[in-house]
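The working numbering numbers the first residue of the sequence shown as 7 and each following residue consecutively.
Backbone N, C-alpha and C fix where the C-beta goes; we use that ideal spot for every residue, glycine too.
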Amino acid sequence: MVKNLADLLSLFTNREGGEDAPTFMRETCLACNADLSTSEVYQSHRICQVCGFYYSLTARERIDLLADSGTFKEMNRSIISLDPLSFSSRIPYKQQVSWDQRRTGLSEAVVTGICSIGGVRVVLIILDFGFMGGTMGCVVGEKVALAMERAAKRKLPVISVIASGGARIQEGVLSLMQMAKTAVAANRMNDKGLPIISILTNPATGQAYASFASLADIIVAEPGALVGFAPLRVIQENSNKPLPSGFHTSEAHLEHGMLDAVVNREGLKEFISTLSGLLMSQSTSAAKEKKPRVKKEATEIQAWETVKLARHMGRPTSRDYIDRIFSNFVEIHGDRLYGDDPAIICGLGYLRGRPVAVIGQEKGHGSDGSIHYEGRTSPEGFRKAQRTMRLAAKFQLPLITFIDTPGPLPSQGAEERGIGNAIAVTMASLAELPVPTISVIIGEGGSEGALALGITDRLLMMENAIYFSVSPETAAAMIYRDMGRAEEMSESLRLTARDCQELDIIDQIAPEPSGGAHQNHDEAALLLAGTLSTELTKLRKSSISRLLSKRNKKFRNMGEYSTYFRAAIANEVGQLRLYVVRRVRRLRRKRLKKALEKKADLQGD
Numbered sequence: 007m008v009k010n011l012a013d014l015l016s017l018f019t020n021r022e023g024g025e026d027a028p029t030f031m032r033e034t035c036l037a038c039n040a041d042l043s044t045s046e047v048y049q050s051h052r053i054c055q056v057c058g059f060y061y062s063l064t065a066r067e068r069i070d071l072l073a074d075s076g077t078f079k080e081m082n083r084s085i086i087s088l089d090p091l092s093f094s095s096r097i098p099y100k101q102q103v104s105w106d107q108r109r110t111g112l113s114e115a116v117v118t119g120i121c122s123i124g125g126v127r128v129v130l131i132i133l134d135f136g137f138m139g140g141t142m143g144c145v146v147g148e149k150v151a152l153a154m155e156r157a158a159k160r161k162l163p164v165i166s167v168i169a170s171g172g173a174r175i176q177e178g179v180l181s182l183m184q185m186a187k188t189a190v191a192a193n194r195m196n197d198k199g200l201p202i203i204s205i206l207t208n209p210a211t212g213q214a215y216a217s218f219a220s221l222a223d224i225i226v227a228e229p230g231a232l233v234g235f236a237p238l239r240v241i242q243e244n245s246n247k248p249l250p251s252g253f254h255t256s257e258a259h260l261e262h263g264m265l266d267a268v269v270n271r272e273g274l275k276e277f278i279s280t281l282s283g284l285l286m287s288q289s290t291s292a293a294k295e296k297k298p299r300v301k302k303e304a305t306e307i308q309a310w311e312t313v314k315l316a317r318h319m320g321r322p323t324s325r326d327y328i329d330r331i332f333s334n335f336v337e338i339h340g341d342r343l344y345g346d347d348p349a350i351i352c353g354l355g356y357l358r359g360r361p362v363a364v365i366g367q368e369k370g371h372g373s374d375g376s377i378h379y380e381g382r383t384s385p386e387g388f389r390k391a392q393r394t395m396r397l398a399a400k401f402q403l404p405l406i407t408f409i410d411t412p413g414p415l416p417s418q419g420a421e422e423r424g425i426g427n428a429i430a431v432t433m434a435s436l437a438e439l440p441v442p443t444i445s446v447i448i449g450e451g452g453s454e455g456a457l458a459l460g461i462t463d464r465l466l467m468m469e470n471a472i473y474f475s476v477s478p479e480t481a482a483a484m485i486y487r488d489m490g491r492a493e494e495m496s497e498s499l500r501l502t503a504r505d506c507q508e509l510d511i512i513d514q515i516a517p518e519p520s521g522g523a524h525q526n527h528d529e530a531a532l533l534l535a536g537t538l539s540t541e542l543t544k545l546r547k548s549s550i551s552r553l554l555s556k557r558n559k560k561f562r563n564m565g566e567y568s569t570y571f572r573a574a575i576a577n578e579v580g581q582l583r584l585y586v587v588r589r590v591r592r593l594r595r596k597r598l599k600k601a602l603e604k605k606a607d608l609q610g611d
């Protein structure tokens with residue numbers, strides 16, 4: 007008893023956490039038998055330089071890799087585990103805890119504190135698998151909740167590093183309740199509009215994974231990490247066939263839409279620093295505006311020529327524009343339900359110093375087209391876009407969408423996974439999103455796939471883009487039973503930028519380089535960046551309530567009270583008035599003639 011008390015006192019005397027047990031350094035790789043004794047990447051990051059195997063890190067080693075030197079200050083170190091259930095086992099619970107405390111130098115399986123990462127102040131939560139498997143007992147749950155509450159009070163982001171497996175069975179249902187406790191704490195962060203970022207390491211399973219770790223705004227993982235809720239053994243026991251290779255890994259979870267990214271350990275600090283800065287910089291003053299370039303008038307060309315330019319294989323895609331327009335762009339992945347859609351790019355970046363959220367429909371170039379479904383958006387793509395909208399709303403980031411699609415993905419799988427509902431929810435979410443919104447049609451604006459991302463405060467259209475409910479080929483097949491008459495139909499569909507502006511469907515035509523955007527990607531991006539920046543500046547001068555009111559009115563009146571239709575109706579009314587006037591005059595003349603004839607007859611008698 008006295009020895010245990012002395013051990014505890016030695017743990018608590020240093021707020022930085024005391025010294026860890028000496029780290030075991032391997033001389034050869036466990037996976038490939040390569041020499042590690044002279045490997046710099048193994049010494050600094052515990053990674054085999056030959057096969058890339060990731061070795062486990064202690065909580066203190068994680069802090070050294072992530073936190074700026076000398077900035078970490080631990081919180082709530084003195085909270086220790088008791089034995090709430092007087093759990094009976096071969097080795098008493100208190101003794102197991104005491105052994106792990108001496109072995110690891112930690113007081114519990116989690117270390118929490120405040121530090122700087124790349125100059126950004128954050129609250130850090132690190133689970134250490136070396137302490138009872140990183141499981142979440144009462145103390146771990148309490149320390150996680152306290153850390154999130156401290157972050158909410160100080161308006162700091164939370165970065166959690168998960169290395170945890172299973173449940174703390176020695177604490178029974180009380181351990182289970184910690185999932186609820188940490189979920190409630192995460193909700194408080196959401197209420198304050200503060201970011202939570204989870205880093206999943208090997209392993210990241212069980213109660214921690216299924217609670218606060220999965221409630222993060224952004225979830226990333228290290229390569230090859232074991233990730234998922236249930237243990238592999240349990241899943242295999244309940245499966246009638248062998249599990250596929252790579253199942254339950256970070257890469258598999260990325261493919262199925264559960265992660266935003268798989269990030270190498272060497273680049274993790276920079277990634278977290280960039281992302282934290284983006285999510286916490288909504289109050290940062292904007293960079294000095296560049297003088298807008300003089301806009302040139304859109305050149306009027308035949309509709310079919312515009313269709314060909316909009317579909318040109320060399321035309322810049324969303325990826326081309328995003329790479330050139332936004333700095334420090336961080337892409338996110340997955341819908342958190344089923345999968346990820348390569349036809350939709352989502353992420354966060356800076357537009358001339360201002361943090362923004364970005365959604366772009368991506369066609370790809372050449373052979374890449376099939377990978378991106380030729381730009382046809384799946385249900386997962388729309389739901390990923392919805393995730394991005396929620397991030398924009400939470401962190402008060404303006405949203406910019408790039409539209410370039412022939413339409414939604416028409417497939418049996420898309421129907422079974424709810425493509426109609428995904429489109430409807432995306433439209434409704436964008437219509438009421440409480441941030442400034444801008445969309446720009448950069449190529450094809452095809453039917454519902456385009457409309458779902460175009461219900462914004464400002465809808466722009468590139469000079470040689472097209473916007474249609476059905477393609478010219480489809481329209482020709484429906485009307486003439488001849489797709490060869492698509493060129494003829496393109497004129498009737500009124501699908502060019504100039505047509506859409508006359509119909510009051512779009513707000514502005516964005517200029518392109520002479521000959522089309524495919525002639526010079528850099529110039530096209532520079533022109534568009536200036537237009538977007540100018541439009542965003544205008545929108546930020548209005549309150550959110552005013553933006554929402556104008557946005558709702560704009561789409562409520564679409565097709566009924568627009569300038570074009572007002573003119574058309576006025577013309578019809580004018581024609582009707584002229585017709586009535588002429589008829590009245592003719593009737594008057596007839597009556598006058600009859601009256602004169604009658605008078606003449608009377609005089610003759």
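Which of helix, strand or coil DSSP assigns to L593: Taken through DSSP and simplified to helix, strand or coil, L593 comes out as helix.
What ranges does the beta strand (DSSP E) occupy inside the region 422 to 483, keeping only unbroken runs of at least 3 residues that lie completely in it? Segments of the beta strand (DSSP E) lying fully in the region 422 to 483: 443 to 452, 464 to 468 and 472 to 474.
Tell me the rounded alpha-carbon separation between E497 and W310. Near 7 Å, if we compare the C-alpha coordinates of W310 and E497.
Of the choices P519, G424 and L466, whose alpha-carbon is the least far from that of I406? L466 is the residue among P519, G424 and L466 whose C-alpha sits nearest the C-alpha of I406.
Return the chain-ordered ranges of every alpha helix (DSSP H) run that is complete within the region 386 to 420 and spans a minimum of 4 residues. As far as the region 386 to 420 is concerned, it has no whole alpha helix (DSSP H) run of at least 4 residues.
Pairs of beta-carbons, one from the region 512 to 526 and one from the region 417 to 432, closer than 8 Å: are there three or more? Contact between the region 512 to 526 and the region 417 to 432 is absent, because fewer than three Cβ pairs lie under 8 Å.
May I have the straight-line CA-CA distance separating G283 from T432, to the nearest angstrom? The alpha-carbon atoms of G283 and T432 are separated by roughly 27 Å.
Reduced DSSP secondary structure (H/G/I, E/B, other) of R81: One detail in the question is off: residue 81 reads as Met in this sequence, not Arg. M81 falls in the strand class under three-state DSSP.
Which same chain residues end up closer than 7 Å to E272 when comparing Cβ atoms and leaving out the 5 residues on each side of it in sequence? Taking C-beta separations shorter than 7 Å and ignoring five residues to either side along the sequence, the partners of E272 in its chain run H51, following chain order.
Pairs of beta-carbons, one from the region 203 to 216 and one from the region 165 to 180, closer than 8 Å: are there three or more? With a cut-off of 8 Å, the region 165 to 180 and the region 203 to 216 count as touching, because enough Cβ pairs lie within range.
What residue range is occupied by the uninterrupted alpha helix (DSSP H) comprising I278? Boundaries of the alpha helix (DSSP H) around I278: L274 to L285.
Excluding the five sequence neighbours on either side, which residues of its own chain have a C-beta within less than 7 Å of the C-beta of F388, listed in chain order? Excluding residues within five positions, the ones whose Cβ falls inside 7 Å are A428, I429, T432 and A458.
Near E337, what residues of its chain come up, given a Cβ to Cβ distance below 6 Å and the 5 sequence neighbours on each side ignored? Cβ within range, chain order: G353.
Strictly by DSSP, which residues pair up with Q367? By DSSP's assignment, Q367 forms a beta bridge with I350.
With distances taken Cα to Cα, identify the nearest neighbour of G199 among A158, Q184 and I225. In this structure, A158 is the residue among A158, Q184 and I225 with its C-alpha nearest to the C-alpha of G199.
Is it buried or exposed for T544, if we count other Cβ within 10 angstroms and need 16 for buried? According to the sequence displayed, residue 544 carries Lys and not Thr. In summary, K544 is exposed, with fewer than 16 beta-carbon neighbours lying within 10 Å of its beta-carbon over all protein chains present.
Quick check on the DSSP output: the alpha helix (DSSP H) that includes F561 runs from which residue to which? Note, F561: alpha helix (DSSP H), I550 to R562.
Entirely enclosed alpha helix (DSSP H) segments - the region 107 to 158, minimum 4 residues: As summarised for the region 107 to 158, there are no continuous alpha helix (DSSP H) elements at least 4 residues long confined to that stretch.
From L180 to A173, what distance separates their C-alpha atoms? Straight-line Cα distance between these residues: approximately 11 Å.
Bridge-paired residues (DSSP) for G355: The partner list for G355 (beta bridge, DSSP) reads V362.
DSSP three-state call for G23: helix, strand or coil? Confidence at G23 is low in this model, with a pLDDT of 45, below 50, so its placement is unreliable and the value that follows should be read with caution. Looking at G23 - three-state DSSP - the assignment turns out to be coil, as it is neither helix nor strand.
Any C-beta of chain B under 8 Å from that of Q514: Judged by its chain identifiers, the structure shown contains no chain B, having just a single protein chain.
For V226, three-class secondary structure by DSSP: Looking at V226 - three-state DSSP - the assignment turns out to be strand.
Those residues which DSSP pairs with S539 across a bridge: Answer is none; S539 lacks a bridge partner.
What did DSSP end up calling Y344 once you bin it into helix, strand or coil? Shown here, Y344 sits in coil according to DSSP, grouped into three states, outside any helix or strand.
Integer Cβ distance of F401 from P201, believed to fall under 8 Å: Confirmed, Cβ separation roughly 7 Å.
Take F59 and list the residues in its own chain whose beta-carbon comes closer than 8 Å to its own, dropping the five residues that flank it on each side. Its chain contains C35, L36, A37, C38, I53 and G230 as the residues whose beta carbon lies nearer than 8 Å to that of F59, once the 5 sequence neighbours on both sides are disregarded; these appear in chain order.
If we call anything under 8 Å between Cβ atoms a contact, is G140 one with L133? Taking 8 Å as the Cβ cut-off, G140 and L133 qualify as a contacting pair.
Give a yes or no on contact between the region 518 to 535 and the region 312 to 331, applying the rule of three or more CB pairs nearer than 8 Å. Yes, the region 518 to 535 is in contact with the region 312 to 331.
Going by DSSP, name the residue or residues bridged to T502. In the DSSP output, where bridge partners are listed per residue, T502 has I472.
Taking C-beta to C-beta, are H262 and V233 nearer than 8 Å? Not a contact, by the Cβ cut-off of 8 Å.
In the DSSP assignment, what are the bridge partners of I165? In DSSP, I165 forms a bridge with L130 and I203.
What is the DSSP secondary structure of T255, counted as helix, strand or coil? Residue state, collapsed to three classes: strand.
Find the nearest neighbour of D645 within the set F30, R594, I225 and Y61, judged by alpha-carbon distance. The requested residue 645 does not occur in the structure, where the chain is confined to residues 7 to 611.
Just the C-alpha distance for R360 and E450, rounded to the nearest angstrom, thanks. So the alpha carbons of these two residues sit roughly 28 Å apart.
Taking buried to mean at least 16 other C-beta atoms within 10 Å of its own C-beta, is M183 buried or exposed? Residue environment analysis places M183 among the exposed positions, since fewer than 16 neighbouring C-beta atoms fall within 10 angstroms of its C-beta.
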